[in-house]
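Protein chains: 2
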Amino acid sequence: MTDSPPGLDPAQIEAYFALMEAVGLLEHQVEQHLRADGGISYVQFQLLARLAAADGQLTMTQLADGVVYSRSGLTYQAGLLEKAGLITRGTSADDERATLVTITDAGLALFRKVLPGHVQVVRRQLLAPLSDQDLHDLGDIMTRVRDHMRNEPPRSAAPRKRRQR
Amino acid sequence: MTDSPPGLDPAQIEAYFALMEAVGLLEHQVEQHLRADGGISYVQFQLLARLAAADGQLTMTQLADGVVYSRSGLTYQAGLLEKAGLITRGTSADDERATLVTITDAGLALFRKVLPGHVQVVRRQLLAPLSDQDLHDLGDIMTRVRDHMRNEPPRSAAPRKRRQR
DNA sequence: TGCTTTTGCTTCGAACTCGAAGCAACTCAA
DNA sequence: TTGAGTTGCTTCGAGTTCGAAGCAAAAGCA
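What follows is the structure, given as structure tokens:
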């Protein structure tokens, strides 16, 4: 490999730009639907989805896992969801610090109500123009990229844990 | 065709989730770098990039084109960029309503300063785990998806005249 | 010409996000 | 046991986003 080429070649730029813009548009569509159909945001939908899938209680940390958002943002959203009666929060018996989050019947009902429409949006906006081969390729590629990024150190903002070395 | 199947099959879910999470992570990395290296946000970087590429003046509307953000958000960001001396705004002679935006030397300099690092982040986070074939596939797929979504009507944001269920 | 509608942008208020700081509970080694 | 360090979550403040409403210029139309 050469030492840091000047820029990106056309194919790289195209892939990068198309990727970012397409996902931006998709997020926007999804957001619109969820807001109109269930009065919730994408973040809230994802939280409900996690709880519905977990089929039990999750701590705040587990709930945030995989989501980029900050802890404080999660606290805020959890507050909204609790106020809306979609989840309940309680202190864990095992660990007094931990907050256990449980989805309520109303939360589950709302999730089930908006899910079909959500799937429909994803189908129409993302899946529609893709062949089975495309779908396979996309899943394979993005899974690899995601796993790669999960393992990459932040480079700049180093975690303030203990010094190593 | 069948009437809206119950959900998504595993391959579809995998592709959808991996896509959304990977892009989320990438955006986060990019944001971190730009903030640390140039003191600007991703949005501001994109605006500067557009202006640098346009090599002249753009109206606010042209500047927002392709970016999902609202007009008011663009006004806000343009205000910040102008305050920072990276762009200038002036009224168009042709159309008194239009605001023409021009990138300053300082803006261009800043853009050029952060670009290499930005490219490096994209390389390391997104491009690194991809083969030439992957890159080609990804560009092809996402370009198709993006163009598809650009042409799709909003679907959901329609006037809510109809009763629900 | 007058009038309505459309277009381009801004202002305003509400909502959302993040990081830093703070608090309380837990862990672990001495 | 005890005290330093870590972990889980919340609070707070600053910054950013959006949509609705508003304003002025332009375009359509009678």
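Residue numbers (the UniProt record's numbering), protein chains in the order written: chain R, 1 to 165; chain Y, 1 to 165.
Glycine included, each C-beta is placed from N, C-alpha and C at the ideal position.
Sequence-ordered contacts of the stretch 136 to 148 of chain R with chain Y read 136, 137, 138, 139, 141, 142, 143, 144, 145, 146 and 148 [C-beta pairs closer than 7 Å]. The beta-carbon separation of residue 145 of chain R and residue 24 of chain Y, rounded to 11 Å, does not stay under the 8 Å limit for a contact.
Secondary structure at residue 40 of chain R: coil, using DSSP grouped into helix, strand and coil. Between residue 52 of chain R and residue 107 of chain R, the C-beta spacing is below 9 Å.
For residue 29 of chain Y, the nearest beta carbon of chain R is closer than 9 Å to its own beta carbon.
Legend: CB atoms of the stretch 18 to 51 of chain R lying less than 8 Å from CB atoms of chain Y belong to residues 18, 19, 20, 21, 22, 23, 24, 25, 26, 27, 28, 29, 32, 33, 36 and 37. Within the model, the alpha-carbon separation for residue 78 of chain R versus residue 35 of chain R is close to 17 Å.
When 7 Å is used as the limit between beta carbons, residue 7 of chain Y is near these residues of chain R: 119, in chain order.
Contact annotation for residue 134 of chain Y against chain R: 141 [CB-CB distance below 7 Å, chain order]. In this structure, the straight-line span from the alpha carbon of residue 57 of chain Y to that of residue 71 of chain Y is close to 18 Å.
Relative to the Cα of residue 105 of chain Y, the nearest Cα in the group Y/121, Y/113 and Y/98 belongs to Y/113. The Cβ-Cβ distance between residue 75 of chain R and residue 100 of chain R does not fall below 9 Å.
Assignment of residue 19 of chain Y by DSSP, reduced to helix, strand and coil, places it in the helix class.
For the 9 Å CB-CB criterion, residue 136 of chain R and residue 11 of chain Y form a contact. Within the stretch 56 to 73 of chain Y, the residues whose Cβ lies closer than 7 Å to any Cβ of chain R are, in chain order, 66 and 68.
Ranking Y/17, Y/30 and Y/7 by CA distance to the CA of residue 124 of chain Y puts Y/30 first. Neighbours of residue 12 of chain Y across chain R, judged by C-beta separation under 7 Å: 127 and 135. Proximity of chain R to residue 15 of chain Y at the Cβ level (cut-off 7 Å) is accounted for by 135, 138, 139 and 142, in chain order.
The beta-carbon of residue 122 of chain R is placed less than 9 Å from the nearest beta-carbon of chain Y.
For residue 86 of chain R, the secondary structure class from DSSP, reduced to helix, strand or coil, is coil. For residue 130 of chain Y, at least one C-beta of chain R is nearer than 9 Å to its own C-beta.
Of the candidates R/18, R/65 and R/116, R/116 places its Cα closest to the Cα of residue 8 of chain Y.
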